[in-house]
Every structure is written in C-alpha cells, then in structure tokens.
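Asks: Residue numbers (this note's numbering): 25 to 265. Note that CB positions come from ideal geometry on N, CA and C, so glycine has one too. Once you've had a glance at the structure underneath, I'll fire off some questions.
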Amino acid sequence: MTMIYAGMFYVATLLLVVGLIYKIYDYSRTPAPLLIPTTPAPTKQAGVVYRMAKEVVVFESLFKSNKWIWIFGYLFHLGLFLVLARHLRYFTQPVWFWVDIVQPFGKYASIMMVVGLTGLLVRRFVVDRVRYISTPSDHLMLLLLIAIGVSGMLMTFVVHTDIIALKVFFMGLMYLDVQPLPQDPILMVHLALVATLMVIFPISKLLHAPGVFFSPTRNQIDNPREHRHVAAWAARLDQRN
C-alpha cells in the first residue's frame with residue numbers, strides 16, 4: 025500500500041503541476057482585443073494591483089453581488105487557506121515559525137471549510153436559477169471537497185493517526201526516499217480523495233483560482249483616452265502593413 029500511495033501521489037503531483045502550467049499558459053495566450061475593464065476602474069497600474077488584491081483577498085465583486093454566497097464562499101476559502109497552511113508542517117523540517125502559529129487556527133478551520141461547502145451545495149438545490157444551470161460535476165466537486173474536509177476532521181477530532189510517521193512518509197516522497205505509510209483506513213481514504221482532487225483540479229471549474237488574474241475586466245487599466253489599446257495580434261498586423 026505504501027508503494028501504491030507513493031506512486032499515486034507522484035502521478036497526481038505531476039498531473040497537477042503540468043496541468044496548471046498548461047492552463048496558465050493557455051490563459052496568457054487568450055487575446056483581449058478590446059479595453060473592457062469593469063467601470064469604475066483604476067486609471068493607474070497601482071490601482072489595478074490594489075483592485076486585484078481586493079478581489080483575491082476579500083472577493084469584492086462577490087460581496088457586492090450576493091452577500092449569502094459571499095459568506096459561504098469566504099468561509100470555505102478562508103478555512104481552506106488555514107488548513108493548507110497547517111498542513112505545511114508535513115513538508116517542512118524544521119517547521120516554519122508562522123506554520124507553528126497557525127496550527128490551532130487550522131485545526132478548527134476545517135469546520136469553517138465544511139460549513140461553507142455545505143452552504144454552497146445546498147444553494148445548488150434550493151435556488152431555482154442555480155439548480156437549473158448546475159451539472160453533476162458541480163455537485164461532485166463540492167461532495168469531493170466535503171469528503172476531504174470531513175475525513176480530515178475525523179482524524180483531527182475522533183480517530184487520530186500517527187502524524188510523525190505521516191510526516192516521514194511525505195518528507196521521504198520529497199527526497200525520493202519512500203518511507204512506510206500509516207495504514208489507518210480514514211487516512212488512506214483522505215489521501216486518496218486528495219490525490220483525486222489533484223488530478224482533476226487542472227481540468228475542472230475549480231481552476232478559477234489562477235483564472236481571476238487573467239480576467240480583462242479586472243486586470244486592465246481604464247486609460248482609453250491616454251493610450252490606444254492594441255492587442256498583440258493586432259500589433260503584429262500593423263507591423264506587417
């Protein structure tokens with residue numbers, strides 16, 4: 025089982041990294057032929073950076089459009105951030121000081137994460153217009169994330185696993201020195217779900233995370249009076265003519 029899980033995580037990591045690099049490259053090649061920032065928009069580059077920071081950190085546009093979705097979405101994303109930060113202890117030696125600080129917060133952030141995900145899942149059933157456009161993959165993505173969160177909570181609050189041996193396993197993977205994996209059933213289910221998420225993440229709707237940085241309505245400067253906006257493909261045509 026140790027070799028199976030080691031191979032599974034090597035493959036999942038490869039697919040995740042290659043998939044993310046390809047999708048980000050694909051996003052960067054998508055042309056933006058018009059200057060289309062959502063107004064009122066900043067007229068300076070510093071303003072664009074500040075606007076993107078608000079979008080990434082506090083989900084400004086979602087907050088303005090729907091407060092209930094913002095609450096559940098923010099609970100999930102904040103909880104996910106703290107949980108991921110807490111898990112860094114399995115991949116660092118010595119453990120970074122701020123990872124030590126975040127440990128007690130990350131322990132209970134999994135509850136926030138599952139509550140937020142449950143709210144988003146219920147929304148897809150009770151809101152008519154959202155239920156109409158929801159597909160099976162939308163529900164399966166949420167159920168997968170909930171299953172990951174619940175299995176992690178079970179190991180934190182109910183059935184504890186050998187976290188020392190687990191860290192040795194993952195540190196061994198990083199240095200290509202495979203070490204025994206604890207054979208706890210809940211841990212093995214949790215890791216299998218995580219590996220599944222890593223594989224499908226680059227080809228799923230969950231990839232909106234890096235996509236927000238390539239949104240022309242958010243990352244463009246509102247300066248059509250000061251500068252003529254010319255797309256890269258149009259500039260090449262101008263040079264030929």
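Under 8 Å by Cβ, that's how I've got proline 240 and isoleucine 60 pegged, so tell me the actual separation to the nearest angstrom.
Replies: 5 Å
Asks: If we ignore side chains and look at the alpha-carbon of each, how far apart do isoleucine 170 and glycine 143 end up?
Replies: So the two alpha carbons sit approximately 11 Å from each other.
Asks: Just checking, does the segment 152-166 make contact with the segment 207-215 on the three C-beta pairs under 8 Å criterion?
Replies: no
Asks: Are proline 226 and lysine 68 touching if we call contact CB-CB under 8 Å?
Replies: no
Asks: Taking contact to mean 3 or more Cβ pairs, one atom from each stretch, closer than 8 Å, check whether the segment 120-128 and the segment 70-83 are in contact.
Replies: no
Asks: For leucine 106, collect the residues of the same chain with a Cβ closer than 7 Å to its Cβ; drop the 5 residues on either side in sequence, then sort them by chain order.
Replies: Val126, Phe129, Gly130, Ala133
Asks: When DSSP labels each residue in this structure, what does lysine 47 get in the three-state scheme?
Replies: helix
Asks: Counting only the same chain and skipping the five closest in sequence on each side, list residues whose C-beta sits under 6 Å from that of phenylalanine 193.
Replies: Gln203, Leu205
Asks: When the Cα of arginine 110 is compared with those of Asp124, Gln244, Leu102, Leu197, which residue comes out closest?
Replies: Asp124
Asks: If the criterion is Cβ atoms closer than 8 Å, does the pair histidine 214 and methionine 179 meet it?
Replies: yes
Asks: What three-state label does DSSP hand tyrosine 74 in the structure shown?
Replies: helix
Asks: How should tyrosine 141 be labelled, buried or exposed, when 16 other C-beta atoms within 10 angstroms of its C-beta is the threshold for buried?
Replies: Contrary to the premise, residue 141 reads as leucine rather than tyrosine in this sequence. Burial is judged here by how many other beta carbons sit within 10 angstroms of a residue's own beta carbon; leucine 141 has at least 16 and is buried.
Asks: By how many angstroms is the C-alpha of phenylalanine 96 removed from the C-alpha of glycine 103?
Replies: In a straight line, the C-alpha of glycine 103 is about 11 Å away from that of phenylalanine 96.
Asks: Could you check what DSSP says for valine 146 in three-state terms: helix, strand or coil?
Replies: helix
Asks: With DSSP as the reference, label threonine 62 as helix, strand or coil.
Replies: coil
Asks: Is it buried or exposed for arginine 249, if we count other Cβ within 10 angstroms and need 16 for buried?
Replies: exposed
Asks: CB of alanine 233 to nearest heavy atom of the ligand ADP: below 7 Å?
Replies: Of the ligands one can find in the structure shown there are none, so the ligand ADP has no counterpart to examine.
Asks: Taking aspartate 246 as the reference, give the member of Ser89, Pro64, Leu99, Thr185 with the closest Cα.
Replies: Pro64
Asks: Among residues of its own chain, excluding the 5 on either side of leucine 112, which ones have a beta-carbon nearer than 8 Å to its beta-carbon?
Replies: Val119, Trp120, Val123
Asks: Taking Cβ positions, are leucine 221 and isoleucine 187 nearer each other than 8 Å?
Replies: no
Asks: By the three-class DSSP mapping on this structure, what secondary structure does histidine 111 have?
Replies: helix
Asks: Per DSSP, what kind of secondary structure is leucine 205 in: helix, strand or coil?
Replies: coil
Asks: In terms of alpha-carbon separation, which member of Phe87, His163, Met198, Ile135 lies closest to valine 146?
Replies: His163
Asks: Please report the residue range of the alpha helix (DSSP H) in which aspartate 162 lies.
Replies: Counting along the chain, the alpha helix (DSSP H) containing aspartate 162 begins and ends at 160-181.
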